[in-house]
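Q: I'd like to ask you about the structure that follows.
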Ligand code: GAP
């Protein structure tokens, strides 16, 4: 699996994603999509919209406002309970999510380094670790063990593994005391117990080893005041999910589109959450885009529809290139479920930092529509013409992140390979996802006939696809550049195409396939028709029927 730093670096270098407000030192965990990035992310969203709205009879779209009436968030339950447990380091001031602390600690630099000594070393080694400028003093300067090595080690030495259960209840290490003359080795203490003791029984900060506060809930809602004067303005929130815009428009859509159950409403848009631990590039940010569907069904058919959506959404990612071994479904445990959910299955992707959520597919029951009916006083029931009865529809919600999907497709497409002794970086994007579909490259930029022909071809192709012209390097280098941004096909115009004093023009161009690096010669007047085939994924067929171009050295 590729390292996330490589992805971040490629994204900046090639204009996919930049750090927000970089010239001012950057705004943490906020990202801007550059010239290639905006095309790429738009492709992700366009494909999602096409497949979920345009290609289905039972779906319509919506684009609701980001700011909504504050009552919406009362009805949805966000004001009361959309929070994460939060812990702050009393020494370095960093913040952690209480429910992610164990994970953060397991990955923390100081713990990984100390654990190595614990597992292999003696107490003397551990003491050395605390005093070494490159170990304890640098990695965990605020850890109790580093600040008071003698006392803590003395107490730890006397703790036998057998008394560990009793110790768990004990708030301070100082009351435990050594047990007689028994001296235990560091490795005989469990990791859990060892960690608790090196931090003198508080929770240690994964960053500096300092003391963390007790967990308390922190709201994820971002407040805004609408109106020119803060004191008299309307306090509301930037939406933390796009879903509520759909629920409050249920009746508007129903009346105007005359849809019958089962049907769904799709929306793509920005959402905002005051995340405690944003990070891992665009994976978790405070501002992000969601692609959400609220699919309304008759109660009693909800479980069947839920399963249909789980299957469809799991397949969707694979259709556009995610490899089978990198994607999985995970059933949420009962204690993870949102309070309104009957069942929720996450689509997870194997990101560079491990398996993480890409999309959640929840059965939200009739909770939201009923809540909005109750608080607004406007009924959001559905009148069933067949049974002449009013019903409260159930809702199946496939909720995906546009930024997370874009990151997953990019990570999955990234490959490094050796070609004739040189490293080739290639993004093997599905052609529909690639930001540029075709690059038109003149072999000699000083030959005006070649340049004119290449420019004309490029403009012609642009009527159907995003095509770019590049003559700023040698052909080998131009191919590598296009590989690195995932352009599926390059079209090269050379002397043979336009002819010279010795030979008449043959009117053909070379098409090079990004993945196989194979090349074929095609007449210019057939180029569009051939490209139609190629974009549909038919390189092998076209290649077998075409005149091959031998691949030479750097032009591979
Ligand atoms: N309406 C349901 C809902 O919002 P969620 O699981 O909280 O459910 C859905 O969010 C999806 O939105 C996630 O699977 C993820 O892809 C994306 N998402 C959520 N929080 C995010 C964040 N802070 N940064 C980037 N994407 C996020």
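Numbering (the working numbering), first residue to last: 51 to 606.
Note that the Cβ used here is the ideal one computed from N, Cα and C, for glycine as well.
Taking the C-alpha atoms as reference points, what is the distance between residue 608 and residue 104?
A: In the structure as shown, the chain starts at 51 and stops at 606, and residue 608 therefore has no counterpart that could be examined.
Q: Any heavy atom of the ligand GAP closer than 7 Å to the Cβ of residue 54?
A: Flag unset: Cβ of residue 54 not near the ligand GAP.
Q: Counting only the same chain and skipping the five closest in sequence on each side, list residues whose C-beta sits under 7 Å from that of residue 214.
A: Note that residue 214 scores 41 on pLDDT, short of 50, meaning its location in the model is unreliable and no value can be drawn from it.
Q: Across the stretch 277-297 and the stretch 163-182, are there enough close Cβ pairs to call them in contact, namely three or more that are closer than 8 Å?
A: Contact fails: fewer than three Cβ-Cβ distances are below 8 Å.
Q: Are the CB atoms of residue 447 and residue 344 within a distance shorter than 8 Å?
A: For residue 344 and residue 447, yes; Cβs fall inside 8 Å.
Q: Assess, as a yes-or-no matter, whether the stretch 149-158 is touched by the stretch 274-289 under the definition of 3 or more beta carbon pairs within less than 8 Å.
A: Judged by Cβ distances under 8 Å, the stretch 274-289 makes no contact with the stretch 149-158, as fewer than three pairs qualify.
Q: DSSP state of residue 405, grouped into three classes?
A: Residue state, collapsed to three classes: strand.
Q: With a CB to CB cut of under 7 Å and the five nearest residues on each side skipped, what residues in its chain are close to residue 461?
A: Cβ within range, chain order: 52, 57, 401 and 402.
Q: Using a Cβ-based criterion (distance less than 7 Å to any ligand heavy atom), does residue 297 qualify as near the ligand GAP?
A: Incorrect: residue 297 has no Cβ contact closer than 7 Å to the ligand GAP.
Q: Use the C-beta contact count for residue 396: other C-beta atoms within 10 angstroms, 16 or more gives buried, fewer gives exposed.
A: Buried: at least 16 other Cβ atoms inside 10 Å.
Q: Check whether the stretch 487-505 touches the stretch 372-385, counting contact only when three or more Cβ pairs, one atom from each stretch, lie closer than 8 Å.
A: Judged by Cβ distances under 8 Å, the stretch 487-505 makes no contact with the stretch 372-385, as fewer than three pairs qualify.
Q: Under the DSSP definition of a beta bridge, which residues are partnered with residue 373?
A: Paired residues: none, contrary to the question.
Q: What are the partner residues of residue 569, as DSSP defines its beta bridges?
A: Paired residue(s): 562.
Q: Hey, quick one: how far does the alpha helix (DSSP H) through residue 169 stretch, first residue to last?
A: Looking at the DSSP string, the run of the alpha helix (DSSP H) that includes residue 169 is 159-170.
Q: Does residue 417 come out as helix, strand or coil in the three-state DSSP assignment?
A: Three-state DSSP puts residue 417 in a helix.
Q: Quick check on the DSSP output: the beta strand (DSSP E) that includes residue 439 runs from which residue to which?
A: Element bounds for residue 439: 439-441.
Q: Could you spell out where the beta strand (DSSP E) holding residue 267 opens and where it closes?
A: 266-269 is the span of the beta strand (DSSP E), which, as asked, contains residue 267.
Q: At the level of alpha carbons, what is the spacing between residue 322 and residue 337?
A: Their Cα atoms are separated by approximately 5 Å.
Q: Quick check: the stretch 431-446 against the stretch 138-147, are at least 3 beta-carbon pairs closer than 8 Å?
A: No contact exists between the stretch 138-147 and the stretch 431-446.
Q: Under 7 Å Cβ to Cβ from residue 508, same chain only, skipping five residues before and after it: list those, please.
A: Within the same chain, residue 508 has close Cβ partners 490, 517 and 519.
Q: Under a Cβ-count criterion, where at least 16 other Cβ atoms within 10 Å of its own Cβ denotes burial, should residue 527 be classed as buried or exposed?
A: Flag for residue 527 reads exposed.
Q: Three or more C-beta pairs closer than 8 Å, one from the stretch 255-263 and one from the stretch 130-141: is that the case here?
A: With a cut-off of 8 Å, the stretch 130-141 and the stretch 255-263 count as touching, because enough Cβ pairs lie within range.
Q: What whole-angstrom Cβ distance do residue 348 and residue 311 have, given they're in contact under 8 Å?
A: Their Cβ separation, rounded to whole angstroms, is 6 Å, which keeps residue 348 and residue 311 in contact under 8 Å.
Q: The alpha helix (DSSP H) spanning residue 387 covers which residue range?
A: It is not in any alpha helix (DSSP H) - residue 387 carries neither H nor E in the DSSP assignment.
Q: Just confirm the distance between the C-beta atoms of residue 541 and residue 559, as a whole number of angstroms; I'd bet it's less than 8 Å.
A: Right, the Cβ-Cβ distance comes to about 5 Å (below 8 Å), so this counts as a contact.
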